[in-house]
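Working notes, structure below.
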Amino acid sequence: MSDGYIHRTQDTFKKLLPDTSGNEVNGLGVEERGTPQPFFWHPPDRHAFGDLQQAVIAHQHQSPDIAAIYSRDADRGPRPLEKAEMPDRRAPEDWAGEIKAFARSNEADLVGITPTLGEYVYEGYELPLPNLIIVGVAMDHTELSNVPSSIDDMRGAVEVGLKYNQAARAARKLSNRILAAGYDAKAFPGPHATALNMIPAAIAAGFGELGKHGSMINSAYGSSFRLSAVATDMPLVYDEARAFGADEFCMNCQVCSNACPPDAIFPEKQTVRGRKKWYVDFDKCIPYFGETFGCAICIAVCPWSRPGVAPNLIAKLARRRERLEAQGDA
Ligand code: SF4
Ligand code: SF4
Numbered sequence: 019m020s021d022g023y024i025h026r027t028q029d030t031f032k033k034l035l036p037d038t039s040g041n042e043v044n045g046l047g048v049e050e051r052g053t054p055q056p057f058f059w060h061p062p063d064r065h066a067f068g069d070l071q072q073a074v075i076a077h078q079h080q081s082p083d084i085a086a087i088y089s090r091d092a093d094r095g096p097r098p099l100e101k102a103e104m105p106d107r108r109a110p111e112d113w114a115g116e117i118k119a120f121a122r123s124n125e126a127d128l129v130g131i132t133p134t135l136g137e138y139v140y141e142g143y144e145l146p147l148p149n150l151i152i153v154g155v156a157m158d159h160t161e162l163s164n165v166p167s168s169i170d171d172m173r174g175a176v177e178v179g180l181k182y183n184q185a186a187r188a189a190r191k192l193s194n195r196i197l198a199a200g201y202d203a204k205a206f207p208g209p210h211a212t213a214l215n216m217i218p219a220a221i222a223a224g225f226g227e228l229g230k231h232g233s234m235i236n237s238a239y240g241s242s243f244r245l246s247a248v249a250t251d252m253p254l255v256y257d258e259a260r261a262f263g264a265d266e267f268c269m270n271c272q273v274c275s276n277a278c279p280p281d282a283i284f285p286e287k288q289t290v291r292g293r294k295k296w297y298v299d300f301d302k303c304i305p306y307f308g309e310t311f312g313c314a315i316c317i318a319v320c321p322w323s324r325p326g327v328a329p330n331l332i333a334k335l336a337r338r339r340e341r342l343e344a345q346g347d348a
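Each step along the sequence shown adds one to the number in my numbering, with nothing skipped, and position 24 is 42.
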């Protein structure tokens, strides 16, 4: 255990919850479409949960490993280059292929492209660049499976932090590649939130489907990956959202909801800012998340996250669909 470590329990974090519910801020039960509100991981003075957020971060930083991962000295990628004066003009298809190959050879495991929509931009921010390149970095599932973390075993939390840094480097290198080609580019590295609400943009860019645990499920890595993004005016062709049966699978699976200690995962889809979607009760999740240095149990236990399982599940779901269709035709 680290010298001087002070263990903070869920109850400590519960006491810091403000009067406003996080679910209200997230738009739970709101029928109208609307822009997302700045919330956790935004600058603490921009939302009602600032004190709680700072306490969660301070608790995490008692671990020297975590403090090092998120320190200014950590390698989170290069500084932005000056944009080249003349844009290198190529067809959008050519640029999309080039950019994806560049990202994959610079620490990204997943890359997809989608237009910037207003619904991806948090209220009070502006994002004038028309295209988004979403980057994903796979986590080592064996390391991730050591969650929930404690000060005596930080392997899971360290894996999350290391992969956030890798995703940050991938985005910053990609952004510099685009600036060197004479186009505007801005990197959005996690985990701190900025203008961009990354999950809906990543789903639109073909990364996967939203799972019952409120995280994405990808057809190769399940929920065992981290995101970053680059916004740009480089001409690019877009990817399409890709459904492969994860949403359907979640209807009959309860692995994450049974494993969640504070019972924060809703069993049914909820209406959130005008959309029916899977949703996690923020007010129940965050105190446990705080105590356990980022929890992550739900993404670690999700069957899709286990290496090698996703292709089998996809094939099984496809066979089931075919069987049901054949029965319907009979
Ligand atoms: S992060 Fe932990 S507490 Fe939050 S929903 Fe997932 S399992 Fe539950
Ligand atoms: S554990 Fe099951 S219900 Fe939860 S997200 Fe994964 S597949 Fe869906």
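Beta carbons: idealized from backbone N, C-alpha and C, even for Gly.
Shown here, Ala-73 sits in a helix according to DSSP, grouped into three states. Scanning the region 132-204 from its first residue to its last, the whole alpha helix (DSSP H) runs of 4-plus residues come out as 159-162, 173-198.
Taken in chain order, the unbroken stretches of alpha helix (DSSP H) that lie wholly in the region 84-138 and span 4 residues or more are 110-122. With respect to the 8 Å criterion, Ile-169 and Ser-81 are classified as neighbours on the basis of their beta carbons.
Taken in chain order, the whole alpha helix (DSSP H) runs of length 4 or more contained in the region 237-270 are 264-269.
Ala-199 is a Cβ neighbour of Met-252, given a cutoff of 8 Å. Not one heavy atom of ligand 2 is found less than 7 Å from the C-beta of Ile-221.
With at least 16 other beta carbons inside 10 angstroms of its own, Ser-193 counts as buried. The beta carbon of Gly-229 sits closer than 7 Å to at least one heavy atom of ligand 2. Phe-206 places its beta carbon less than 8 Å from that of Ser-246. By the neighbour-count definition (other C-beta atoms within 10 Å, threshold 16), Asp-112 is an exposed residue. Residue range 28-32 is occupied by the alpha helix (DSSP H) that includes Lys-32. Ranked by how close their Cα comes to the Cα of Gly-263, the residues Pro-280, Ile-283, Ala-249, Gly-240 have Gly-240 in first place. Lys-294: member of the beta strand (DSSP E) spanning 293-295, first to last residue.
The three-state secondary structure of Glu-227, taken from DSSP, is strand. Of all alpha-carbon atoms in Pro-56, Phe-57, Gln-288, the one lying nearest the alpha-carbon of Leu-46 is that of Gln-288. When beta bridges are read from the DSSP output, Thr-310 appears opposite no residue. Remark: the C-beta of Pro-325 is outside contact range of ligand 2, defined as less than 7 Å to any heavy atom. For Ala-76 and Ala-261, the gap between their C-alpha atoms comes out near 38 Å. The beta carbons of Asn-236 and Leu-128 sit closer together than 8 Å. Distance from the C-beta of Ile-235 to the nearest heavy atom of ligand 2 is below 7 Å.
Within a 10 Å sphere around the beta-carbon of Pro-218 sit 16 or more other beta-carbons, which makes this residue buried. Between the alpha carbons of Phe-31 and Asp-37 lies a distance of about 13 Å.
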